[in-house]
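Peer 1:
There are 2 protein chains.
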Amino acid sequence: MGRPTLNSVAEAAAVSRQTVSNVINSPEVVSPETRERVQAAIERLGYRPNTAARQMRTTRSQIIGLCIPPSGNGVSGVVLDQFLHSLTATAERYDHRIMLFTAADDEAETRAYADLIASVGIDGFVLTNTHHDDLRTRWLLERELPFVTFGRPWGAEDTHPWVDVDGAAGTRLATDHLLRQGHRRIAFVGWPEGSGSGDDRRAGWAAGLAAAGLGEGPQAAVYDGVEGGRSAAVRLLDASGPAGRDRSASLPGGGPAESSHTGAPTAFVCASDSLALGVTAELRDRGIRPGADAAVIGFDDTPTASVLGLSSVAQPIADVAAECVRQLRAILRGEAPAGPATTLFTPHLVLRST
Amino acid sequence: MGRPTLNSVAEAAAVSRQTVSNVINSPEVVSPETRERVQAAIERLGYRPNTAARQMRTTRSQIIGLCIPPSGNGVSGVVLDQFLHSLTATAERYDHRIMLFTAADDEAETRAYADLIASVGIDGFVLTNTHHDDLRTRWLLERELPFVTFGRPWGAEDTHPWVDVDGAAGTRLATDHLLRQGHRRIAFVGWPEGSGSGDDRRAGWAAGLAAAGLGEGPQAAVYDGVEGGRSAAVRLLDASGPAGRDRSASLPGGGPAESSHTGAPTAFVCASDSLALGVTAELRDRGIRPGADAAVIGFDDTPTASVLGLSSVAQPIADVAAECVRQLRAILRGEAPAGPATTLFTPHLVLRST
DNA sequence: GACCACGATTGGATCGATCAAACGAAAGAA
DNA sequence: TTCTTTCGTTTGATCGATCCAATCGTGGTC
Numbered sequence: 001m002g003r004p005t006l007n008s009v010a011e012a013a014a015v016s017r018q019t020v021s022n023v024i025n026s027p028e029v030v031s032p033e034t035r036e037r038v039q040a041a042i043e044r045l046g047y048r049p050n051t052a053a054r055q056m057r058t059t060r061s062q063i064i065g066l067c068i069p070p071s072g073n074g075v076s077g078v079v080l081d082q083f084l085h086s087l088t089a090t091a092e093r094y095d096h097r098i099m100l101f102t103a104a105d106d107e108a109e110t111r112a113y114a115d116l117i118a119s120v121g122i123d124g125f126v127l128t129n130t131h132h133d134d135l136r137t138r139w140l141l142e143r144e145l146p147f148v149t150f151g152r153p154w155g156a157e158d159t160h161p162w163v164d165v166d167g168a169a170g171t172r173l174a175t176d177h178l179l180r181q182g183h184r185r186i187a188f189v190g191w192p193e194g195s196g197s198g199d200d201r202r203a204g205w206a207a208g209l210a211a212a213g214l215g216e217g218p219q220a221a222v223y224d225g226v227e228g229g230r231s232a233a234v235r236l237l238d239a240s241g242p243a244g245r246d247r248s249a250s251l252p253g254g255g256p257a258e259s260s261h262t263g264a265p266t267a268f269v270c271a272s273d274s275l276a277l278g279v280t281a282e283l284r285d286r287g288i289r290p291g292a293d294a295a296v297i298g299f300d301d302t303p304t305a306s307v308l309g310l311s312s313v314a315q316p317i318a319d320v321a322a323e324c325v326r327q328l329r330a331i332l333r334g335e336a337p338a339g340p341a342t343t344l345f346t347p348h349l350v351l352r353s354t
Numbered sequence: 001m002g003r004p005t006l007n008s009v010a011e012a013a014a015v016s017r018q019t020v021s022n023v024i025n026s027p028e029v030v031s032p033e034t035r036e037r038v039q040a041a042i043e044r045l046g047y048r049p050n051t052a053a054r055q056m057r058t059t060r061s062q063i064i065g066l067c068i069p070p071s072g073n074g075v076s077g078v079v080l081d082q083f084l085h086s087l088t089a090t091a092e093r094y095d096h097r098i099m100l101f102t103a104a105d106d107e108a109e110t111r112a113y114a115d116l117i118a119s120v121g122i123d124g125f126v127l128t129n130t131h132h133d134d135l136r137t138r139w140l141l142e143r144e145l146p147f148v149t150f151g152r153p154w155g156a157e158d159t160h161p162w163v164d165v166d167g168a169a170g171t172r173l174a175t176d177h178l179l180r181q182g183h184r185r186i187a188f189v190g191w192p193e194g195s196g197s198g199d200d201r202r203a204g205w206a207a208g209l210a211a212a213g214l215g216e217g218p219q220a221a222v223y224d225g226v227e228g229g230r231s232a233a234v235r236l237l238d239a240s241g242p243a244g245r246d247r248s249a250s251l252p253g254g255g256p257a258e259s260s261h262t263g264a265p266t267a268f269v270c271a272s273d274s275l276a277l278g279v280t281a282e283l284r285d286r287g288i289r290p291g292a293d294a295a296v297i298g299f300d301d302t303p304t305a306s307v308l309g310l311s312s313v314a315q316p317i318a319d320v321a322a323e324c325v326r327q328l329r330a331i332l333r334g335e336a337p338a339g340p341a342t343t344l345f346t347p348h349l350v351l352r353s354t
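Chains as they are written, first to last, in this note's numbering: chain A, 1 to 354; chain B, 1 to 354.
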């Protein structure tokens, strides 16, 4: 009739509840013969332990919470789909489940934490979009609740476990690639200072130029979006000489290093694909062909970049998600190392025509 | 000490467990004075009912399952982010939660259903990407399990509740718009016959042409993707006269109706944004300017379309998700109407430069 | 042969809620 | 007054698992 329970399995195998429970949770304490008999009964009846009942005794729900942002991020914004899939798949491997919730702002999110812990008994959280002076991590730390963030604790080094992608390494890859292509006037198009990942990405580009002995390069800071990218391109192209159509510098081994600060940039490293698209559009409008006369590299490798043949820095999102789950699991099992675990993944460059 | 329970609240309010429970679940049976006293105690202690304990008695988890596809859908594919956010937000309003799971294929998905129902006690499911002869819906129907699909039961009319967007209405909107613009040779770029939504979208375009007395228009069926769109454009443009640069037909009130089958198409209604992008690219390569010499309209209004200024048919994804939750809730509360509830939303046209 | 140690298994209590039925007190009917 | 009805509230049992302490059986030791 009803779903099989621990008791019905016990009857079927002619043992007690507890023995069945042991077969499931600590098989080593059960003798091999009994274990097999019980296993057979479990499979024959199709028994699955009831998590609600289990949770009542253990106070563990095996559920991980994830706050899903109000979307509308457009082209930019981490590709949530991929992150979610990997997060869910990895969680399943470890017998955990992902539960979603929403919150209008950080303060509401902390209220949601309290709620979900009290009612659902959620074991821990994965946070995304960490930022300077993050209310949420502070709240969780104060209460010593288990969580892992996708994003470093900007401004509060290693106060909690995190997983992130090395944005600086990404822009460095892009810059080095452009340098190898012969570009010397390489501009950076990014966001206003203050955002952790934005500054991080800028730093990689700057380091690349510095390592090549090119000193500081031209840059523009704008708000994210295609229009932002376009206006940044306008500013950068107009700031220096009318070298827009000058192709010499884009030829391999071309432009002289000492002239790196004169003339318009021939290459653009961008903090996001949206910005890169804006730059590309402005270049086209000026008769400068991206990919031939100038190079543009975006960040995030969004579907849009792929479709348009825009080179971009790709983040290993699936790896990040999987690592978040692994770290959280370690914490929940009390296997946490001395300090908070931290993992920094290196992105890779996806080269396309543009 | 520990979290407040029904008992501790009862003590604090000097009543019994059950009275507190009644205040929460059926306030009308409790006298106003007691009710307020208990309410005060609940708030003072910050009590939240434990869902696991509740679930044990009621056999209801208040959890809705959603299988998250293996992503990698690229530009096309429903914008999952928006769907998820709306789904979660609406579920929360009704005191339900969304739990994610993965499955490699339909068969694995049914196994996941069984698992989640037996272990977690999930109340119902929301399915996406329904298709002809869907194993999953059949499985769920056989077991009389509660579920709602985003997508019609293609080929099996109204066998279960569903919510969908009227694709035919969308392509009809697009076609009518193009007709008003004076286009007469309007082609359709879609997928091979057999996919429910693909055929649906084609039908809207055909109906639009028929209503304008233009008979059958040119069409191409290819697999989804930018390259598919490009090859479709090649085929459509090469099939008829070398009218590629002939702008007459694209001028309002232009082309004569009787010549609708001669000359290259001047407008393209596409089954997806990816296809539309492919068409656009091919047009550009031939020196035909999309937006000026020819018109292209995509489907789904993906971020890519928005960024590139591509006109597209936009689906009210958030509404769809909300309606899925509402229908499922009605079923779970036993408020189901005579037949399965079905809701068809009408998409709208987002006009942009191209 | 009696005793002890130890591994395998069992039975009772429990987690926190709801169900179902009993209960007492006040109000209405005989 | 007495019986019945109604309303508000309380009490005991229960959902299905795990915790904990007790028990059983077996073999080794003196």
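Backbone N, C-alpha and C define an ideal beta-carbon position, used for all residues, glycine too.
Measuring only between beta-carbons, confirm whether Gly46/B sits less than 9 Å from chain A.
Peer 2: yes
Peer 1: Using a Cβ-Cβ cut-off of 9 Å, state whether Leu209/A counts as contacting chain B.
Peer 2: No, Leu209/A does not count as interfacial toward chain B.
Peer 1: Mind checking if Leu6/B is an interface residue toward chain A, Cβ cutoff 9 Å exclusive?
Peer 2: no
Peer 1: So, using beta-carbon positions, are Pro290/B and Thr304/B closer together than 9 Å?
Peer 2: no
Peer 1: For Asp81/A, does the count of other Cβ atoms within 10 angstroms reach 16, so buried, or fall short, so exposed?
Peer 2: buried
Peer 1: Give the DSSP-derived three-state secondary structure of Trp162/A in the structure shown.
Peer 2: strand
Peer 1: For Val163/A, is the classification buried or exposed, using 16 other Cβ atoms within 10 angstroms of its Cβ as the cut-off for buried?
Peer 2: buried
Peer 1: If we count Cβ pairs, one from each stretch, closer than 8 Å, do we get three or more for the segment 140-158 of chain B versus the segment 185-202 of chain B?
Peer 2: yes
Peer 1: Can the beta-carbon of Met56/A be found less than 9 Å from the beta-carbon of Ala336/B?
Peer 2: no
Peer 1: My understanding is that Pro146/A touches Asp123/A, with C-beta atoms under 8 Å, so please give their C-beta distance in whole angstroms.
Peer 2: 7 Å
Peer 1: I'd like the list of long-range same chain contacts for Leu6/B, defined as Cβ closer than 7 Å, with 5 residues on each side in sequence excluded.
Peer 2: Arg17, Val20, Ser21
Peer 1: Less than 9 Å between the C-beta atoms of Ile98/B and Leu66/B, yes or no?
Peer 2: yes
Peer 1: For Glu92/B and Arg180/B, I'd like the C-alpha separation in whole angstroms.
Peer 2: 44 Å
Peer 1: Find the residues of chain A that neighbour Gln55/B, judging by a C-beta separation of less than 8 Å, and give them in chain order.
Peer 2: Ala52
Peer 1: Does Gly121/B have its Cβ less than 9 Å from a Cβ in chain A?
Peer 2: yes
Peer 1: Report the neighbours of Arg180/A on chain B: residues whose CB is nearer than 9 Å to its CB, in chain order.
Peer 2: What Arg180/A touches in chain B: nothing, since even the nearest Cβ is about 28 Å away.
Peer 1: Can you list, in chain order, the residues of its chain with a C-beta nearer than 7 Å to that of Thr110/B? Leave out the 5 residues immediately preceding and following it.
Peer 2: If we look at Thr110/B and ignore the five residues flanking it on each side, its Cβ neighbours are Leu135, Arg136, Trp139.
Peer 1: Are the C-beta atoms of Ser61/A and some chain B residue less than 9 Å apart?
Peer 2: yes
Peer 1: Just reading off the alpha helix (DSSP H) that Gln18/A is part of, what are its end residues?
Peer 2: DSSP places Gln18/A in the uninterrupted alpha helix (DSSP H) bounded by 17-25.
Peer 1: Alpha carbon to alpha carbon, how far is Val222/A from Leu141/A? Give it in angstroms, no decimals.
Peer 2: 33 Å
Peer 1: Does the Cβ-Cβ distance between Val296/B and Cys324/B come in under 9 Å?
Peer 2: Not a contact, by the Cβ cut-off of 9 Å.
Peer 1: Who are Val9/B's beta bridge partners in DSSP?
Peer 2: Residue pairing by DSSP places Val9/B in no beta bridge whatsoever.
Peer 1: Please name the residue in Val23/B, Val9/B, Gly46/B whose C-alpha comes closest to that of Arg35/B.
Peer 2: Val23/B
Peer 1: Consider the Cβ of Gly244/B: report whether some Cβ of chain A lies at a distance smaller than 9 Å.
Peer 2: Its pLDDT being 39, under 50, Gly244/B is placed unreliably by the model, and nothing is read from it.
Peer 1: Any residues in the segment 81-97 of chain B with a beta carbon nearer than 7 Å to a beta carbon of chain A? Which ones, in chain order?
Peer 2: Of all residues in the segment 81-97 of chain B, Asp81, Gln82, Leu84, His85, Thr88, Ala89, Glu92, Arg97 have a Cβ within less than 7 Å of some Cβ in chain A.
Peer 1: Would you mind listing the beta strand (DSSP E) stretches within the segment 261-295 of chain A that are 3+ residues and don't spill past its ends, in chain order?
Peer 2: 267-270
Peer 1: Quick one: using the 10 Å Cβ neighbour count with 16 as the cut-off for buried, is Ser119/A buried or exposed?
Peer 2: buried
Peer 1: Output the boundary residues of the beta strand (DSSP E) element that contains Ile64/B.
Peer 2: 63-67
Peer 1: Taking just the CA atoms, how far does Thr128/A sit from Ala341/B?
Peer 2: 37 Å
Peer 1: Quick check: the Cα distance between Phe188/A and Arg172/B, rounded to an integer number of angstroms?
Peer 2: 44 Å
Peer 1: Listed in chain order, which residues of the segment 276-300 of chain B have Cβ atoms closer than 7 Å to some Cβ of chain A?
Peer 2: Leu277
Peer 1: How close, in whole Å, do the beta carbons of Ile186/B and Ala267/B come, if the pair is a contact with beta carbons under 8 Å?
Peer 2: 4 Å
Peer 1: Using a Cβ-Cβ cut-off of 8 Å (strictly less than) and excluding sequence neighbours within five positions of Ala159/A, which residues of its own chain qualify?
Peer 2: Before going on, a small fix: residue 159/A reads as Thr here, not Ala. Cβ neighbours of Thr159/A beyond the five flanking positions: Thr137, Leu141, Pro153, Pro340.
Peer 1: Is the Cβ of Gly125/B closer than 9 Å to any Cβ of chain A?
Peer 2: The amino acid at residue 125/B is misidentified as Gly; the sequence shows Phe. Closer than 9 Å: no.
Peer 1: If you count every other CB in all the chains shown that lies within 10 Å of the CB of Pro192/B, and 16 or more means buried, which is it?
Peer 2: exposed
Peer 1: Name, please, each residue of chain A whose Cβ falls closer than 8 Å to the Cβ of Thr102/B.
Peer 2: His85, Thr88, Ala89, Glu92
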